[in-house]
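Colleague:
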Amino acid sequence: MQSSSQLFPVALLSAELRGDLTEDVYRLKPGNSPDSSVELAMTRIGCRDGARGVPVILLHGSFSNRRFWYSPRGIGLGPYLARAGFDVWIPEMRGHGLSPRNHHYDLNRVADYARFDLPAIARFVVEQSVQAPHWVGHSLGGITLAAALGGGYLESEQAASVALCGSQVSRTYWPLKLPPVEWSGRFLLRRMGGLSGSRLKRGPEDEPTGLALETLRWHGLFGRFGEKDNDWWAGLANVHTPVLAVASDGDRQDPAWACNKLLQQFGSEVREYLHLGRRQGFSEDFGHVDMLISKGAQREVWPLLRHSLEEGVLPASQAALAQA
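Counting from 1 along the sequence shown, just add 23 to a position and that's the residue number in this note's numbering.
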């Protein structure tokens with residue numbers, strides 16, 4: 024079968040019409056990771072008229088997949104942006120959704136996603152769209168995006184802008200600062216053999232042990248956001264890509280102050296902060312997931328994200344546009 028890319032093997036798995044939208048599903052085999060079995064599924068959403076606008080890549084969070092952005096009924100931020108004229112791409116991380124589990128799935132970490140997978144995704148989208156994409160990441164998707172930028176794995180021409188929604192790395196879990204607690208956590212995680220999204224009631228997908236162990240290290244006594252030889256947190260100061268942080272008063276998992284702290288670490292001249300909540304003029308205090316997939320988000324948050332992608336900045340009156 025002929026590859027859909029000149030970069031590495033890419034298979035077009037399906038090309039369907041979904042009402043007023045087109046849905047193309049690709050499977051990438053970049054071959055740039057130490058685990059050569061890694062394959063990544065990507066869904067491309069567009070309008071039936073064939074017009075392709077500016078590319079936007081949507082990165083899902085933990086325990087999730089492409090359906091966070093794109094429901095089977097054609098509802099979600101992905102279809103909304105496609106109908107607004109954007110060229111929408113939705114990757115699924117290793118072992119999530121249509122992406123098969125790689126041979127060493129249980130060892131997968133954010134470091135692998137940031138170093139190998141996001142650059143491969145970026146290269147393919149740039150090849151297909153012939154322009155730099157915008158990126159929108161939710162929760163772990165935003166953290167992975169920050170890691171790729173802070174680590175220097177994404178080049179400037181591969182990111183026109185980034186939006187980090189409910190993403191932070193600064194919340195302190197004090198018990199994990201105690202070495203015996205961290206050691207016990209590592210022991211239990213290895214015994215569990217991964218995290219079940221359904222059992223933990225966190226979402227439809229599972230997460231590998233490697234990801235959880237990596238998070239424990241970040242929050243440990245001498246932990247930091249990065250790898251042994253690469254401080255991602257410090258590297259963010261050298262990133263000049265325009266960045267938007269979306270946070271909410273109702274987000275108990277990733278509090279607004281911590282999301283803002285991640286934003287302020289960027290060296291970008293254009294840094295926008297969208298703070299959701301009743302105190303800011305919105306109709307509700309959106310939760311961690313509700314900020315992007317609720318009816319309230321569809322009415323109030325999506326237009327703001329669209330405006331930011333189109334204009335590069337938020338409107339002067341955020342709440343006024345949200346209510347329009």
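Glycine residues also receive a C-beta, built at the ideal position from the N, C-alpha and C atoms.
Name the DSSP bridge partner or partners of leucine 297?
Modeller: According to DSSP, leucine 297 bridges with Val269.
Colleague: Just to confirm the assignment: which complete alpha helix (DSSP H) runs, minimum length 4, are found wholly within the stretch 135-180?
Modeller: Runs found: 141-152 and 163-173.
Colleague: My assumption, with CB atoms under 8 Å, is that arginine 294 sits in contact with leucine 286. Please give the rounded CB distance.
Modeller: Indeed they touch by this definition, with Cβ atoms about 6 Å apart.
Colleague: Using the rule of at least 16 other Cβ atoms within 10 Å of the residue's Cβ for burial, across every protein chain shown, is asparagine 261 buried or exposed?
Modeller: It is exposed - the Cβ of asparagine 261 has fewer than 16 other Cβ atoms within 10 Å.
Colleague: Using 8 Å for Cβ pairs, my map puts serine 271 next to glycine 300. What's the rounded Cβ distance?
Modeller: Their Cβ separation, rounded to whole angstroms, is 6 Å, which keeps serine 271 and glycine 300 in contact under 8 Å.
Colleague: Between the beta-carbon of tryptophan 92 and the beta-carbon of glycine 101, is there less than 8 Å?
Modeller: Yes. Within cutoff.
Colleague: Among the candidates Leu81, Ala105 and Arg67, whose CA atom is the shortest distance from the CA of glutamine 151?
Modeller: For glutamine 151, the nearest C-alpha among the options comes from Arg67.
Colleague: So for methionine 314, helix, strand or coil by DSSP?
Modeller: Methionine 314: helix per DSSP, three-state reduction.
Colleague: Across which residues does DSSP place cysteine 70 in a beta bridge pair?
Modeller: Note: cysteine 70 sits in a beta bridge opposite Leu44.
Colleague: For the candidate residues Met65, Lys224 and Trp256, whose alpha-carbon lies nearest to that of glycine 173?
Modeller: Of the listed residues, the one whose Cα sits closest to glycine 173 is Trp256.
Colleague: To the nearest angstrom, how far is the alpha carbon of glycine 108 from that of proline 265?
Modeller: Spanning the two alpha carbons is a distance of roughly 21 Å.
Colleague: Going by beta carbon distance, what residues of the same chain come within less than 7 Å of leucine 104, once the five residues before and after it are set aside?
Modeller: Excluding residues within five positions, the ones whose Cβ falls inside 7 Å are Val79, Val111 and Arg329.
Colleague: Assuming histidine 157 contacts serine 184 under a Cβ cut-off of 8 Å, what Cβ separation, rounded to an integer in Å, is found between them?
Modeller: That belief holds up - the Cβ atoms of histidine 157 and serine 184 are roughly 5 Å apart, short of 8 Å.
Colleague: Taking only the alpha-carbon atoms, compute the straight-line gap between glutamine 321 and proline 142 and give it to the nearest angstrom.
Modeller: Each residue's Cα considered, the two are about 30 Å apart.
Colleague: Among residues of its own chain, excluding the 5 on either side of alanine 235, which ones have a beta-carbon nearer than 7 Å to its beta-carbon?
Modeller: Cβ neighbours of alanine 235 beyond the five flanking positions: Leu212 and Leu218.
Colleague: Hey, would you say serine 331 sits closer than 8 Å to alanine 186, going by beta carbons?
Modeller: Going by C-beta atoms, serine 331 is nearer than 8 Å to alanine 186.
Colleague: Do glycine 226 and phenylalanine 139 come within 8 Å of each other at the CB atom, strictly closer than that value?
Modeller: In this structure, glycine 226 does not lie closer than 8 Å to phenylalanine 139 by Cβ.
Colleague: For histidine 126, count neighbouring Cβ atoms within 10 angstroms of its own Cβ and tell me buried if that reaches 16, exposed if not.
Modeller: Exposed, since its Cβ has fewer than 16 Cβ neighbours within 10 Å.
Colleague: To the nearest angstrom, how far is it from the Cα of arginine 75 to the Cα of valine 148?
Modeller: Their Cα atoms are separated by approximately 12 Å.
Colleague: Could you give the first and the last residue of the continuous alpha helix (DSSP H) run that contains leucine 328?
Modeller: It spans 325-334 - the alpha helix (DSSP H) in which leucine 328 sits, taken as one unbroken run.
Colleague: Return the first residue and the last residue of the alpha helix (DSSP H) that alanine 201 is part of.
Modeller: Per the sequence shown, residue 201 should be read as leucine rather than alanine. Taken as a continuous stretch (DSSP letters only), leucine 201 belongs to no alpha helix (DSSP H), as it is neither H nor E.
Colleague: Between which two residues does the beta strand (DSSP E) carrying proline 95 extend?
Modeller: Segment: none, proline 95 is in no beta strand (DSSP E) and carries neither H nor E.
Colleague: For glycine 249, which residues does DSSP report across the bridge?
Modeller: Bridge partners of glycine 249: Asp254.
Colleague: What residues in its chain sit with their C-beta under 6 Å from that of arginine 194, if we drop five residues either side in the sequence?
Modeller: For arginine 194, where only same-chain residues beyond five positions count, the Cβ hits under 6 Å are Ala281.
Colleague: May I ask which residues mark the beginning and end of the beta strand (DSSP E) holding glutamate 236?
Modeller: Inspection of the sequence shows that residue 236 is occupied by leucine rather than by glutamate. Unbroken run through leucine 236 is the alpha helix (DSSP H), 232-241; no beta strand (DSSP E).
Colleague: What's the C-alpha gap between isoleucine 166 and leucine 201?
Modeller: For isoleucine 166 and leucine 201, the distance between alpha carbons rounds to 24 Å.
Colleague: So that I know if they touch, is there some Cβ in chain B lying closer than 8 Å to that of leucine 328?
Modeller: Absence of chain B from the displayed structure is noted, only one protein chain being present.
Colleague: Using a threshold of 8 Å, state whether the C-beta atoms of valine 159 and leucine 82 are closer than that.
Modeller: Their beta carbons are under 8 Å apart, which means valine 159 touches leucine 82 by this criterion.
Colleague: Can you check whether the CB of valine 77 is closer than 8 Å to the CB of glutamine 154?
Modeller: A contact, by the Cβ cut-off of 8 Å.
Colleague: Would you mind stating whether cysteine 70 and arginine 106 have Cβ atoms separated by less than 8 Å?
Modeller: The answer is yes: Cβ separation under 8 Å.
Colleague: Please state if the CB of glycine 233 and the CB of asparagine 131 are separated by a distance shorter than 8 Å.
Modeller: In contact: asparagine 131 and glycine 233 (Cβ atoms closer than 8 Å).
Colleague: Is it buried or exposed, glycine 216, if we count other Cβ atoms within 10 angstroms and call 16 or more buried?
Modeller: By the 10 Å Cβ count, glycine 216 comes out exposed.
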